[in-house]
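Just below is one structure, and these are the notes that go with it.
Numbering (my numbering), first residue to last: 500 to 584.
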């Protein structure tokens, strides 16, 4: 699964710099997560870093975007290859 930021977001700016895949960005009203870039930090960390730093716990797993750990790792590898190119 990818992660999603809910309407409880207070735009505190702590999650965006923590994302190793640059999947978090400022949307029209609150921060958002690009599910095509979110690997739940697989390949980088043991736990999603944005969830760890969020002071209002508004970053749950997105039930509409389901991925296995293997799929998340494959996405991580694609993203890293794209960065290197």
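Here a beta-carbon is modelled for each residue, glycine too, at the ideal position from N, C-alpha and C.
Grab me the residues of residue i's own chain with a C-beta within less than 7 angstroms of its C-beta, minus the 5 sequence neighbours each way, in chain order.
i: residue 510; result: 529 and 530
Where does residue i fall in DSSP's three states?
i: residue 572; result: helix
i: residue 517; result: helix
i: residue 566; result: coil
i: residue 531; result: strand
Based on DSSP bridge pairs, tell me the residues matched to residue i.
i: residue 502; result: 560
i: residue 544; result: DSSP lists no partner for residue 544.
i: residue 523; result: 532
Do the CB positions of residue i and residue j come within less than 7 angstroms of each other?
i: residue 561; j: residue 523; result: no
Please list, in chain order, all residues of the same chain as residue i whose beta carbon is under 6 angstroms from its beta carbon, the five residues on each side excluded.
i: residue 574; result: 538
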